[in-house]
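A short write-up of the structure that comes next.
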Amino acid sequence: MCVSLLVAYLTIFHVIFVFFIWTYWKSVFTPPQQPDKKFQMSYADKERYENEDRPEGQQQILVEMARKLPVYTRTGNGAIRFCDRCQLIKPDRCHHCSVCAMCVLKMDHHCPWVNNCIGFSNYKFFLLFLAYSLLYCMYIAATVFKYFIKFWTAELTNSRSKFHILFLLFVAIMFFVSLLFLFGYHCWLVSQNRSTLEAFSAPVFQNGPDKNGFNLGLVKNLQQVFGEERRLWLLPVVSSQGDGHFFPMRTWSEARNPLLANEEQWEEEGPEEDTHGCHLGSSLIVEMET
Ligand SMILES: [Zn+2]
Ligand SMILES: [Zn+2]
């Protein structure tokens, strides 16, 4: 092999390798993000909640708390999504991870390969890690393939390198194929603005479950994960939109404030409710639209 080709092979290899390690590092060591303090139950609310025996009464306390928060999704039966273990109201798309023992913002899944929870804080890094791993495997397979052919045509004289070539090619192809399925699946999820958990169980809004509840169209969905600046899309740096607590909804313009709907739902239990929190919710919609 001529020297210039060797230098080109090695240079490209190391550029891909650096991105592969960098994105892996970021996926592993970016801690999952927990909900903000304002989603936590205050000491007074906690005491009221624990002293309340009736489930309806407890739900009423949660409804009052949720009114001050930008939460629009509910449980399957229309109740406020509350985490008993973390004692907090779950923001939209947030789920409790039993491995990490905490609530994780926009939780996607707990990944054993990176030993970390994949969620709002590191989803972009995880996607890039899959993409660079694919590229890495593809590059290795492509550069080794020439020698693999030589192996069969008996042009390869050095017997020690035979094993390396076989091993490299098969491992690279094996990982390439399995990563391709995972990466393809996640590309589809991003295009639909859905997390893995939401793909299995659709988020429930005031009008019932809607698997496309957060789907804003391909470009906006991509921007939500990768940010608006395209030059940052392929770099493992923070560029996702929002703070992970609130996500714009598809039915957004037509959506009535779900907290009002919620109030109607619970009115039988507690008719004397102040609506201050509802105004907070509506002003938030106006703020996000402008
Ligand atoms: Zn939790
Ligand atoms: Zn986890």
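Basically the working numbering = 1-based index in the sequence shown + 3.
Note that beta-carbon positions come from the ideal geometry of N, C-alpha and C, so glycine has one too.
Keep in mind it's a predicted model, so treat the numbers as computed, not measured.
Selected residue, minimal CA-CA separation from residue i, among the options
i      : options                           : result
Asn80  : Glu231, Arg233, Leu238 and Pro212 : Pro212
Gln43  : His248, Arg253 and Pro239         : His248
Lys41  : Val117, Lys71, Arg88 and Val222   : Lys71
Leu200 : Ser164, Phe170 and Cys120         : Cys120
Cys106 : Phe123, Ala69 and His189          : Phe123
Tyr46  : Gln36, Val31 and Leu91            : Leu91
Tyr12  : Thr146, Ser101 and Phe250         : Thr146
Pro38  : Phe85, Leu238, Phe179 and Asp48   : Phe85
Cys151 : Val180, Asp56 and Ile176          : Checking the sequence shown, residue 151 turns out to be Phe, not Cys. It is Ile176 whose Cα lies nearest to the Cα of Phe151.
Ser101 : His113, Val6 and Arg163           : His113
Phe173 : Ile143, Cys190, Lys109 and Ser162 : Ile143
Trp191 : Arg253, Gly220 and Met141         : Gly220
Asp111 : Pro251, Pro206 and Gln61          : Pro206
His189 : Pro58, Lys127, Pro115 and Ser7    : Lys127
Asn210 : Arg253, Phe32, Arg51 and Glu53    : Arg253
Tyr27  : Ser243, Asp48 and Leu238          : Leu238
Asp87  : Tyr75, Pro73, Ser204 and Ala104   : Ala104
Phe179 : Ala157, Phe217, Arg77 and Leu138  : Leu138
Ile64  : Pro73, Val74 and Tyr52            : Tyr52
Ile83  : Lys214, Ala69 and Asp56           : Ala69
Phe32  : Glu55, Trp116 and Glu50           : Trp116
Lys109 : Val228, Ser242 and Glu232         : Val228
Phe148 : Leu171, Phe129 and Ser162         : Leu171
Phe129 : Val74, Cys89, Lys29 and Arg57     : Lys29
Span of the beta strand (DSSP E) around residue i
i      : result
Asn119 : Asn119 to Ile121
Val102 : Per DSSP, Val102 belongs to no beta strand (DSSP E) and is neither H nor E.
Bridge partner(s) assigned by DSSP for residue i
i      : result
Arg77  : Ile83 and Val207
Ile64  : According to DSSP, which records beta bridges pairwise, Ile64 is partnered with nothing at all.
Pro212 : Val207
Ile92  : Phe85
Boundaries (first-last residue) of the alpha helix (DSSP H) holding residue i
i      : result
Cys190 : Ser162 to Gln195
Cys114 : First-last for Cys114: His112 to Cys114, but that is the beta strand (DSSP E), not the alpha helix (DSSP H).
Leu221 : Leu221 to Phe229
Asp39  : Premise fails: Asp39 is in no alpha helix (DSSP H) and is neither H nor E.
Ala157 : Here Ala157 belongs to no alpha helix (DSSP H), and DSSP marks it neither H nor E.
Thr26  : Val6 to Phe32
Asp48  : Tyr46 to Asn54
Beta carbon proximity, residue i to chain B, threshold 8 Å
i     : result
Glu55 : Among the chains in the structure shown there is no chain B, since it carries only a single protein chain.
Would you say the segment 20-28 touches the segment 122-139, given that touching needs at least three Cβ pairs under 8 Å? yes
Under 7 Å, CB to nearest heavy atom of ligand 1: contacting residues: Cys86, Arg88, Cys89, Leu91, His99, Met105 and Cys106
So does the segment 191-199 actually touch the segment 221-231, counting three or more Cβ pairs closer than 8 Å? yes
Tell me whether the segment 84-100 and the segment 235-249 touch, counting them as touching only if at least three CB pairs, one residue from each stretch, are closer than 8 Å. yes
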